[in-house]
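For the sequence shown, the working numbering begins at 145 and goes up steadily by one. Virtual Cβ for every residue (Gly too), placed ideally from N, Cα, C. All remarks here apply to the structure that follows.
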Amino acid sequence: MQAAAPALPLSQFTALATDNPLRAREHLSRLFRPHRIVLGELHRNLDFRHNRADLGLMSVNTLRYGCEVTVQAPTPADSYLVKITLRGTSEVSQGRDTYRTEASTVCVLNPTRNLVDHMSADFDMLIVQLDGPALRLALTENFGITAHQPLEFAPTTHRLDGAIGGFGRLVRAICDDLDSGTSSFARTQIRAPLARTLMSLVLTDLPHSYSARLPRADEPLAPRYIRAVEDYIDAHLADPIGLDDLLAVAGSSARTLQTGFIRHRGTTPMRFLRDRRLDRARAEILRRPGARVTDIAIECGFSHLGRFARQYCVRFGEPPSHTRR
Numbered sequence: 145m146q147a148a149a150p151a152l153p154l155s156q157f158t159a160l161a162t163d164n165p166l167r168a169r170e171h172l173s174r175l176f177r178p179h180r181i182v183l184g185e186l187h188r189n190l191d192f193r194h195n196r197a198d199l200g201l202m203s204v205n206t207l208r209y210g211c212e213v214t215v216q217a218p219t220p221a222d223s224y225l226v227k228i229t230l231r232g233t234s235e236v237s238q239g240r241d242t243y244r245t246e247a248s249t250v251c252v253l254n255p256t257r258n259l260v261d262h263m264s265a266d267f268d269m270l271i272v273q274l275d276g277p278a279l280r281l282a283l284t285e286n287f288g289i290t291a292h293q294p295l296e297f298a299p300t301t302h303r304l305d306g307a308i309g310g311f312g313r314l315v316r317a318i319c320d321d322l323d324s325g326t327s328s329f330a331r332t333q334i335r336a337p338l339a340r341t342l343m344s345l346v347l348t349d350l351p352h353s354y355s356a357r358l359p360r361a362d363e364p365l366a367p368r369y370i371r372a373v374e375d376y377i378d379a380h381l382a383d384p385i386g387l388d389d390l391l392a393v394a395g396s397s398a399r400t401l402q403t404g405f406i407r408h409r410g411t412t413p414m415r416f417l418r419d420r421r422l423d424r425a426r427a428e429i430l431r432r433p434g435a436r437v438t439d440i441a442i443e444c445g446f447s448h449l450g451r452f453a454r455q456y457c458v459r460f461g462e463p464p465s466h467t468r469r
C-alpha cells in the first residue's frame, strides 16, 4: 500500500482542491500566469491541492498535483515565483536554460521568459509570489538601483543553506505561524514590512541581473553620484556616451568619479559602461534568436564590430556566434 502524502503547509488556507485539470489550470492561470497542464502518461489521476495565504504585495502558496505533470506557460506575467521544492523533483526550462530541483532547493521563475516545468508524481512545492513592480521598487528604495532593463534571476537552483537558508527558514516560520490560527502575519499592519523583508532577502541572497551592483555586506551603499551614473548608463546604452557625459551626470570631477567607481564597483566608469553594453548584448542574443548579432551590437552602442567581438570573447569566453548554439 502506498503511504499517504504528508500534509501541505498552510492547511487552513485551502484555495482549491480538485481532480479536474481544467479547473486547476484556470485557477492558477488567474493567480500566477496563463498556462496549460499536461498530465504524464503513467500518472493521469490528478489530485490537485493549493493552499494560499494572501499577504498584500506577496502571497505564500503550497501546491501539489498528485501526479506527474508538465506546466507550459509561454505568456509573460509580472510577478516573480520563488519556488521551494518540499518533496520530489522537477525539471525547469526557461528560454535556453534547463535545471533540476529537488527537496530543500530554491529557484526563481522569471516572469519575462517562457516556462516549462515538469514535476514528478510526488512533487510538493512552496511558492512565494512577489509582485513585480513592488520587487523592482524594493531594488530602488533599498539599494538605490533603478531597473531600466528586466530584473531577471539566475536560471538555476540553490541549496537552502548558508545565507539563502535564512530566506527558507523565514518562509517556513511564516507558514507555521499562519497554521497556528493565532498569527499576526496576516494583519494589515504587518503585511507590508514583512513583504519588504522577504523582497530584500531575495534581492540580496539570490543572484540576478543587478547583483553586481549591490553593495557587499561590509561596505556602505555607493554614493548617489555613482548610482546616478549607473542609471544614466542603463537608460542610454545605445547612445554615444563619453566621459564628459558621465561627469555631467555625476556633477563631480573626473578624479572623484574614477576613484569612486574603483572603490565601489572595482572598475573604471568607462569599463563599467563597456561591460554593461556587453551584458546587454549577450542578454539580447539569447532573448532574440532570430536577430542578427550585428544589429544587436549596434543597438547596444557598439560602432566597431571587430572590437565588439574581441571584447565579447574576453568577457564571456566565446564569440557572439557561439552563444546561440
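Pairwise C-alpha distance: Arg280 and Phe157: The alpha-carbon atoms of Phe157 and Arg280 are separated by roughly 28 Å.
Straight-line gap, Tyr376 to Cys251 (C-alpha atoms, nearest Å): Rounded to whole angstroms, Tyr376 and Cys251 show a C-alpha spacing of 31 Å.
Close beta carbons around Arg357, own chain, < 7 Å, minus the five adjacent residues each side: A distance below 7 Å between beta-carbons, with the five flanking residues on each side excluded, links Arg357 to the following residues of its chain, in chain order: Ile289, Glu374.
Inter-residue Cα distance where the pair is Asp419 and Arg459: When the Cα atoms are used, Asp419 and Arg459 turn out to be separated by approximately 8 Å.
Reference Leu449, options Pro337, Gly434, Arg421, Pro433, closest by Cα: Ranking the options by Cα distance to Leu449, first place goes to Arg421.
Burial state of His466 (16 or more Cβ within 10 Å): When all chains shown are included, His466 counts as exposed.
Contact set for Glu246: own chain, Cβ-Cβ below 7 Å, skip 5 residues either direction: Listed in chain order, the non-local C-beta contacts of Glu246 below 7 Å within the same chain comprise Thr229, Thr233, local neighbours out to five positions each way being set aside.
Cβ-based burial, Gly312 [other Cβ within 10 Å; buried from 16]: Sixteen is the threshold: when 16 or more other Cβ atoms of the shown chains lie within 10 Å of the Cβ of Gly312, as they do, the residue is buried.
Rounded straight-line distance, which links the Cα of Ser447 to that of Ala168: If you draw a straight line from the Cα of Ala168 to the Cα of Ser447, it is about 51 Å long.
Given Pro351 as reference, the closest of Ser396, Ile271, Leu253, Pro413 once Cα atoms are compared: Nearest C-alpha to Pro351: Leu253.
At least 3 beta-carbon pairs within less than 8 Å: the region 403-412 vs the region 429-449: Between the region 403-412 and the region 429-449, the count of Cβ pairs shorter than 8 Å is below three; the stretches do not touch.
Beta carbon of Leu390 nearer than 8 Å to that of Leu381: The answer is no: Cβ separation not under 8 Å.
Selection from Ala159, His262, Ala221 that minimises the alpha carbon distance to Ile181: Considering only alpha carbons, the answer is His262.
Touch test, the region 322-336 against the region 268-277, Cβ-Cβ under 8 Å, three pairs minimum: These segments do not touch.
Outcome for Ser203 when other beta-carbon atoms lying within 10 angstroms are tallied against a minimum of 16: Buried, by the Cβ-count rule.
Which listed residue (Asp222, Leu345, Asp268, Asp320) has its alpha carbon closest to that of Asn258: If we check each option's Cα against that of Asn258, Asp222 comes out closest.
Same chain, Cβ closer than 6 Å to Tyr369, neighbours up to 5 away in sequence not counted: Excluding positions up to five away in sequence, the list reads Ala394, Ser396.
Coil, strand or helix - Ser355 by DSSP: Secondary structure of Ser355 (DSSP, three-state): helix.
Contact test: Gly210 Cβ vs the ligand SAM heavy atom, cutoff 7 Å: Because no ligand of any kind appears in the structure shown, any question about the ligand SAM cannot be addressed here.
Contact set for Arg244: own chain, Cβ-Cβ below 6 Å, skip 5 residues either direction: So the list reads Glu235, once near-sequence residues are dropped.
Range of the contiguous beta strand (DSSP E) that encloses Tyr243: Tyr243 -> beta strand (DSSP E) spans 241-245.
Integer Cβ distance of His302 from Thr249, believed to fall under 8 Å: 6 Å between Cβ atoms; contact.
Identity of the residues DSSP links to Tyr205 by a beta bridge: The sequence shown places Asn at residue 205, not Tyr. In the DSSP output, where bridge partners are listed per residue, Asn205 has Arg196, Ile271.
Member of Asp198, Val260, Ala265, Ala307 whose CA lies at the smallest distance from the CA of Ala217: It is Val260 whose Cα lies nearest to the Cα of Ala217.
Coarse secondary structure for His292, derived from DSSP in three states: Residue state, collapsed to three classes: coil.
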